[in-house]
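**Student:** Counting from 216, one number per residue, gives the positions in the sequence shown under this note's numbering. Quick reminder that beta carbons are idealized off the backbone N, C-alpha and C, glycines included. Structure incoming, see below.
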Amino acid sequence: MAKTVLITGANGQLGNEMRLVLDGNDAFSPIFTDVQELDITSKEAIDAFFANHHIDYVVNCAAYTAVDNAEDNVELCTRLNADAVEYLAQAAKHHGAKMVQISTDYVFNGTNFRPYREDDETSPCSVYGSTKLDGERRLLQCLPDAVIFRTAWLYSPFGKNFVKTMLNLGRTKETLSVIFDQVGTPTYAKDLALASNCSFSAKRSFIVTLYFLSCPEKFSIWGNHFFSMERASSFFFPALNGVMPSSVASIALACLERLTACLNSRVGICFLPVLLALSPRSKSGYFSTI
């Protein structure tokens with residue numbers, strides 16, 4: 216019998232990739248929801264949804280991800296990144312479901328000079344990072360056997376992301392000013408979707424722990440521009456004459472700047488063979504900023 220998987224935030228980058236990953240997979244019966252179908256900030260709405268549907272697994276792809284705007288929208292950010300996670304976890308526990316939560320490298324402050332590991336102390340320096348960490352903690356308090364993937368800089372054909380922004384700007388601008396001293400690791404959203412799927416695969420037991428999942432190479436945002444160009448070598452940029460590097464210090468940011476937060480997986484190695492079989496682009500064990 217097919218297992219029912221509830222995917223929240225299904226219209227985002229990861230949610231859309233989950234649609235493709237689960238399409239045609241007879242082992243699972245997915246239910247894709249976004250705010251129109253299920254308001255995850257409402258405990259009553261979640262409880263009613265679980266009462267009306269038999270849910271085996273939950274993959275929470277929903278979040279408030281506007282990092283700078285979060286500084287001025289603390290309440291909404293908390294509702295989506297922490298309260299909603301707790302409500303989903305409580306419902307999952309009550310109905311015997313398992314849960315996969317997507318988190319971020321922003322739970323660290325990015326000032327370390329070596330890659331972080333899963334057992335390193337967290338130290339968020341923004342509202343976004345603090346609320347995501349709060350969501351992690353509330354989840355594990357309620358569901359200790361949940362799976363958490365911390366990832367970074369998602370890109371995909373869907374939604375808004377740095378790669379698509381660079382492609383659009385490259386077609387219309389003569390020059391671009393791009394930050395060069397903030398380091399990150401672009402992560403293909405499909406790889407994260409595949410890893411999430413593997414974590415609750417019917418062919419293996421539910422994996423219990425915290426994982427870092429991102430691509431193995433690190434980029435500065437300036438370098439990420441060239442990453443974007445490489446990924447779109449078939450595109451023609453008639454107006455683009457050059458890229459001008461710019462420092463983080465030269466730009467006023469709403470929240471504290473983060474230069475790097477590279478990660479090195481400690482426990483993720485047991486999951487590594489599965490992830491490496493999925494794609495050479497992303498693997499457990501190394502990332503920087505989302």
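Can you tell me whether Gly239 is buried or exposed? The criterion is at least 16 other CB atoms within 10 Å of its CB, across all chains shown.
**Tutor:** What you label residue 239 is simply residue 24 of the sequence shown in a count that begins at 1. Burial call: exposed.
**Student:** For Asp298, collect the residues of the same chain with a Cβ closer than 7 Å to its Cβ; drop the 5 residues on either side in sequence, then sort them by chain order.
**Tutor:** As a position in the sequence shown, residue 298 is number 83, starting the count at 1. These residues qualify, in order along the chain: Thr256.
**Student:** Among residues of its own chain, excluding the 5 on either side of Ser244, which ones have a beta-carbon nearer than 8 Å to its beta-carbon?
**Tutor:** Position 29 of the sequence shown, counted from the first residue, corresponds to residue 244. Excluding residues within five positions, the ones whose Cβ falls inside 8 Å are Ala217, Lys218, Thr219, Val220.
**Student:** Compute the Euclidean distance between the alpha carbons of Leu407 and Gly374, then round it to the nearest angstrom.
**Tutor:** Here residue 407 refers to the residue found at position 192 when the sequence shown is read from its first residue. Here residue 374 refers to the residue found at position 159 when the sequence shown is read from its first residue. Those two C-alpha atoms are separated by around 16 Å.
**Student:** Alpha carbon to alpha carbon, what distance is there between Ala312 and Pro401?
**Tutor:** Here residue 401 refers to the residue found at position 186 of the sequence shown. Here residue 312 refers to the residue found at position 97 of the sequence shown. Their backbone Cα atoms lie some 31 Å apart in a straight line.
**Student:** In the DSSP assignment, find the unbroken alpha helix (DSSP H) run with Met381 in it and report its ends.
**Tutor:** The sequence position of residue 381 within the sequence shown is 166, counting from 1. Where Met381 is concerned, the enclosing alpha helix (DSSP H) stretches over 377-387.
**Student:** Out of curiosity, what's the CA-to-CA distance linking Glu301 and Gly350?
**Tutor:** As a first step, residue 301 is located in the sequence shown; it is residue number 86 there, counting from the start. As a first step, residue 350 is located in the sequence shown; it is residue number 135 there, counting from the start. In a straight line, the C-alpha of Glu301 is about 7 Å away from that of Gly350.
**Student:** With DSSP as the reference, label Asn324 as helix, strand or coil.
**Tutor:** One-based indexing of the sequence shown puts residue 324 at position 109. Coil.
**Student:** Return the CA-CA distance between Ala307 and Cys292, expressed in angstroms with no decimal places.
**Tutor:** As a first step, residue 307 is located in the sequence shown; it is residue number 92 there, counting from the start. As a first step, residue 292 is located in the sequence shown; it is residue number 77 there, counting from the start. Cα to Cα, Ala307 sits roughly 22 Å from Cys292.
**Student:** Just reading off the alpha helix (DSSP H) that Leu221 is part of, what are its end residues?
**Tutor:** Working through the sequence shown from its first residue, we reach residue 221 at position 6. That residue, Leu221, is in no alpha helix (DSSP H); its beta strand (DSSP E) goes 218-223.
**Student:** Phe247 and Ala278 - do their beta-carbons sit closer together than 8 Å?
**Tutor:** In the sequence shown, counting from the first residue as 1, residue 278 sits at position 63. In the sequence shown, counting from the first residue as 1, residue 247 sits at position 32. Taking 8 Å as the Cβ cut-off, Ala278 and Phe247 do not qualify as a contacting pair.
**Student:** Which value, in whole angstroms, describes the spacing of the CA atoms of Ser345 and Leu384?
**Tutor:** The residue given as residue 345 occupies position 130 in the sequence shown. The residue given as residue 384 occupies position 169 in the sequence shown. Spanning the two alpha carbons is a distance of roughly 31 Å.
**Student:** Along the chain, where does the alpha helix (DSSP H) containing Asn284 start, and where does it finish?
**Tutor:** The count along the sequence shown starts at 1 and reaches residue 284 at position 69. Per DSSP, Asn284 belongs to the alpha helix (DSSP H) from 282-285.
**Student:** Strictly by DSSP, which residues pair up with Thr256?
**Tutor:** Translated into the one-based positions of the sequence shown, residue 256 becomes position 41. Per DSSP, none; premise fails for Thr256.
**Student:** Measuring alpha carbon to alpha carbon, tell me which of Val273, Lys258, Leu235, Ser341 ends up nearest Asp283.
**Tutor:** As a working mapping, residue 283 is identified with position 68 in the sequence shown. If we check each option's Cα against that of Asp283, Ser341 comes out closest.
**Student:** Compute the Euclidean distance between the alpha carbons of Ala367 and Tyr331, then round it to the nearest angstrom.
**Tutor:** Here the question's residue 367 lines up with position 152 in the sequence shown. Here the question's residue 331 lines up with position 116 in the sequence shown. Going by the C-alpha atoms only, they are around 13 Å apart.
**Student:** Quick one: what's Lys313 bridged to in DSSP?
**Tutor:** In the sequence shown, counting from the first residue as 1, residue 313 sits at position 98. Lys313 pairs with Tyr272.
**Student:** Looking at Tyr343 and Ala263, is the spacing between their C-beta atoms short of 8 Å?
**Tutor:** As a working mapping, residue 263 is identified with position 48 in the sequence shown. As a working mapping, residue 343 is identified with position 128 in the sequence shown. Taking 8 Å as the Cβ cut-off, Ala263 and Tyr343 do not qualify as a contacting pair.
**Student:** Is it buried or exposed, Gln228, if we count other Cβ atoms within 10 angstroms and call 16 or more buried?
**Tutor:** The residue you call residue 228 lines up with position 13 of the sequence shown. Buried is the call here.
**Student:** Going by DSSP in three states, Phe441 sits in which element: helix, strand or coil?
**Tutor:** Residue 441 sits at position 226 when you count from the first residue of the sequence shown. Summary for Phe441: the model assigns pLDDT 48, below 50, so the residue's position carries little reliability; its value from the coordinates is reported in the next sentence. DSSP places Phe441 in helix when its eight states are reduced to three.
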